[in-house]
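Numbering (my numbering), first residue to last: 76 to 487.
Every residue gets a Cβ at the ideal spot worked out from N, C-alpha and C, and that includes glycine.
Computed from a predicted model, the values in this text were never measured in an experiment.
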């Protein structure tokens, strides 16, 4: 065991001395590896950042909530098969709420855009959501100040509203908006709450809930009408484990409400966060695969560069190899030394590439989206560098190990 450790250590030390003797050449040789590892690490970092950003942007959907709507969130196939579906009406939302016995909450909602005014300040095209007090059970986000509207507010069609943090910032500046009246379109609503900051919708352009205003669905339909308006229904499952069983129940009750015959297809869609995540994973899987194929070319070029320099090194050190063999150096020691030299070149290049990638990740995190160079990415980068080093150094090492000492000593 001791002789093996000594053998490995001596091979490693010899490889390091050879690199130091040709420092400038070694530096230039590692450039291809630096670029390759930088590309791979940055691709993985951006991929993780996009995944986290996407999950954050859809976090308001809720993993145990199913959404009944006219159209699927992710349309596959022809759009024509969905275009003529009937809208979900407010009466259907009430009927579904009466029929579902196992759900924790059924929350209908609809939306429109209106200009919002407070004194002389006007905000244009603000999304106004008509919803119920059950929204607090099916969506993330809670009021930062004040309260959300109650069942009594919904039942009595009160003109109250809960505003997003950006609405508060632009309309009221530093003043307290609670119990102040704002005009949403032509109607006055009293502000009873301000939602906590939930983010701008992320890199993927999701809904910006900070620029939304929520009002009771009853006062919404009274002010803006319900005819020809499309509603969505959020239904919370009894538990995450019962989500699929609850999905079947939801489909069954909606088919009964719409009086669909057994042979007729559904004319509504059941959506969930899983469908968004599956679509995202499918798309990003293809994008990442293409990214790795492209970045692998730079690693391939870098590996060829390392192999070329190692072959040159074997040629330059032919007499030295012959001398070492003449005094008793074995083939495996020569082989190991050159493989170590190649691995050291590639690993150093990989570490430099990871260092640059860390800087790029910090820049992305500061300007575009949350991103960081995680430990698994670092380990993958080092492992790939090491493997490239072994593959690139194998042929030159074998050539060096097979040199005939007599011929090598006579080499000029």
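Pick from 337, 327, 293 and 379: whose alpha carbon is nearest that of residue 166?
-> Residue numbering aside, residue 166 sits at position 91 when the chain shown is read from its first letter. Looking at the Cα atoms, 293 is the closest of the given residues.
For residue 278, the three-state DSSP class (helix, strand or coil) = By one-based count along the chain shown, residue 278 stands at place 203. Any reading at residue 278 is ruled out, since the residue's pLDDT is 49, under 50, leaving its predicted position unreliable.
Would you kindly check if the distance between the Cβ of residue 284 and the Cβ of residue 239 is under 8 angstroms?
-> The residue you call residue 239 lines up with position 164 of the chain shown. The residue you call residue 284 lines up with position 209 of the chain shown. Yes, the Cβ-Cβ distance between residue 239 and residue 284 is below 8 angstroms.
Would you kindly work out how many angstroms separate the C-alpha atoms of residue 261 and residue 310, rounded to a whole number?
-> Residue numbering aside, residue 261 sits at position 186 when the chain shown is read from its first letter. Residue numbering aside, residue 310 sits at position 235 when the chain shown is read from its first letter. Straight-line Cα distance between these residues: approximately 32 angstroms.
State the Cα-Cα distance for the pair residue 452 and residue 120, rounded to the nearest angstrom.
-> Position 377 of the chain shown holds residue 452. Position 45 of the chain shown holds residue 120. Cα-Cα distance, rounded: 7 angstroms.
For residue 190, three-class secondary structure by DSSP = Position 115 of the chain shown, counted from the start, is the residue given in the question as residue 190. If DSSP states are grouped into helix, strand and coil, residue 190 belongs with the strands.
Among 231, 211 and 232, the one whose alpha carbon lies nearest that of residue 222 = Indexing the chain shown from 1 puts residue 222 at position 147. The candidate whose alpha carbon is nearest that of residue 222 is 211.
Reduced DSSP category for residue 312 - H, G, I as helix; E, B as strand; rest coil | On the chain shown, residue 312 is found 237 positions in, with the first residue counted as 1. In the structure shown, residue 312 sits in coil (DSSP, three-state: anything other than H, G, I, E or B).
Can you give me the Cβ contacts of residue 268 inside the same chain, cut-off strictly under 6 angstroms, excluding the 5 residues immediately before and after it?
-> By 1-based counting over the chain shown, the position of residue 268 is 193. Once the five neighbours on either side are set aside, the close Cβ partners of residue 268 are 218, 221, 222, 223 and 237.
For residue 285, the first and last residue of its enclosing alpha helix (DSSP H) = As a first step, residue 285 must be located in the chain shown, where it is residue number 210. Note, residue 285: premise wrong, no alpha helix (DSSP H); not H, not E.
Identify, in the order they occur along the chain, each residue of the same chain with its Cβ nearer than 6 angstroms to the Cβ of residue 185, setting aside the five sequence neighbours on each side.
-> Start at 1 with the first residue of the chain shown, and residue 185 comes out as number 110. If we look at residue 185 and ignore the five residues flanking it on each side, its Cβ neighbours are 205, 304 and 306.
Under the three-state DSSP convention, the category residue 246 falls into = The residue you call residue 246 lines up with position 171 of the chain shown. Residue 246 falls in the helix class under three-state DSSP.
Any idea what DSSP makes of residue 322, helix, strand or coil?
-> Indexing the chain shown from 1 puts residue 322 at position 247. Note: residue 322 maps to helix in three-state DSSP.
Residue 346, DSSP secondary structure in three states | Here residue 346 refers to the residue found at position 271 when the chain shown is read from its first residue. Strand at residue 346.
Check the DSSP bridge columns for residue 307 and list the partner residues they point to.
-> On the chain shown, residue 307 is found 232 positions in, with the first residue counted as 1. Paired residues: 184.
Tell me the DSSP bridge mates of residue 141?
-> By one-based count along the chain shown, residue 141 stands at place 66. Paired residues: 310.
Residues bridged to residue 270 by DSSP?
-> Looking up residue 270 in the chain shown gives position 195. Note: residue 270 sits in a beta bridge opposite 218.
For residue 286, collect the residues of the same chain with a Cβ closer than 7 angstroms to its Cβ; drop the 5 residues on either side in sequence, then sort them by chain order.
-> Residue 286 sits at position 211 when you count from the first residue of the chain shown. Taken in chain order, the residues that qualify are 201, 202, 239, 241 and 242.
Close beta carbons around residue 77, own chain, < 7 angstroms, minus the five adjacent residues each side = As a working note, residue 77 is residue 2 in the chain shown. Low confidence applies here, because residue 77 scores a pLDDT of 48, under 50, leaving its location unreliable; read the following figure in that light. Answer for residue 77: no residue qualifies.
Measuring only between beta-carbons, confirm whether residue 244 sits less than 8 angstroms from chain B.
-> Absent from the structure is chain B; it holds one protein chain and no more.
Assumed close pair residue 291, residue 229 - CB separation to whole angstroms, cut-off 8 angstroms | As a first step, residue 291 must be located in the chain shown, where it is residue number 216. As a first step, residue 229 must be located in the chain shown, where it is residue number 154. About 4 angstroms; that satisfies the 8 angstroms criterion.
Using DSSP with H/G/I as helix, E/B as strand and the rest coil, what is residue 291?
-> Reading the chain shown from its first residue, position 216 is the one you call residue 291. Note: residue 291 maps to strand in three-state DSSP.
Give me the Cα-Cα distance between residue 416 and residue 110, rounded to the nearest whole angstrom.
-> Numbered from its first residue, the chain shown carries residue 416 at position 341. Numbered from its first residue, the chain shown carries residue 110 at position 35. So the two alpha carbons sit approximately 20 angstroms from each other.
Does the Cβ-Cβ distance between residue 345 and residue 326 come in under 8 angstroms?
-> What you label residue 345 is simply residue 270 of the chain shown in a count that begins at 1. What you label residue 326 is simply residue 251 of the chain shown in a count that begins at 1. Going by C-beta atoms, residue 345 is nearer than 8 angstroms to residue 326.
Beta-carbon proximity of residue 183 to residue 168, cut-off 8 angstroms = For the purposes of this step, residue 183 is taken as the residue at position 108 of the chain shown. For the purposes of this step, residue 168 is taken as the residue at position 93 of the chain shown. Yes; because the gap between Cβ atoms is below 8 angstroms, this pair is in contact.
For the region 383–393 against the region 454–473, are there 3 or more C-beta pairs whose distance is under 8 angstroms?
-> yes
Simplified DSSP assignment, three categories, for residue 331 = On the chain shown, residue 331 is found 256 positions in, with the first residue counted as 1. Helix.
Would you say residue 472 and residue 413 are within 8 angstroms of each other, going by their C-beta atoms?
-> Position 397 of the chain shown holds residue 472. Position 338 of the chain shown holds residue 413. Yes, the pair counts as a contact, with Cβ atoms nearer than the cut-off.
Could you give the DSSP three-state label for residue 200: helix, strand or coil?
-> Translated into positions along the chain shown, residue 200 becomes position 125. Looking at residue 200 - three-state DSSP - the assignment turns out to be strand.
DSSP state of residue 375 mapped onto helix, strand, coil = Counted from its first residue, the chain shown places residue 375 at position 300. Three-state result, residue 375: helix.
Going by the beta-carbon positions, is the gap between residue 181 and residue 209 smaller than 8 angstroms?
-> On the chain shown, position 106 is the one that residue 181 refers to. On the chain shown, position 134 is the one that residue 209 refers to. It is a contact, given that the beta carbons lie within the stated cut-off.
Could you check if residue 156 is buried or exposed, using at least 16 other CB atoms within 10 Å of its CB as the buried criterion?
-> On the chain shown, residue 156 is found 81 positions in, with the first residue counted as 1. By the neighbour-count rule (16 or more Cβ atoms within 10 Å), residue 156 is not buried but exposed.
How would you call residue 437, buried or exposed, if buried means at least 16 neighbouring beta carbons within 10 angstroms?
-> Translated into positions along the chain shown, residue 437 becomes position 362. Classification of residue 437: exposed, given that the 10 Å Cβ count is below 16.
In the structure shown, what three-state DSSP assignment does residue 120 receive?
-> Along the chain shown, one-based indexing puts residue 120 at 45. Reduced to three states, the DSSP call for residue 120 is helix.
Collapsed DSSP secondary structure at residue 341 in the structure displayed | Working through the chain shown from its first residue, we reach residue 341 at position 266. In this structure, residue 341 counts as coil in the three-state DSSP scheme.
Using a Cβ-Cβ cut-off of 7 angstroms (strictly less than) and excluding sequence neighbours within five positions of residue 315, which residues of its own chain qualify?
-> Residue mapping note: residue 315 aligns to position 240 of the chain shown, counting from 1. Taken in chain order, the residues that qualify are 138 and 139.
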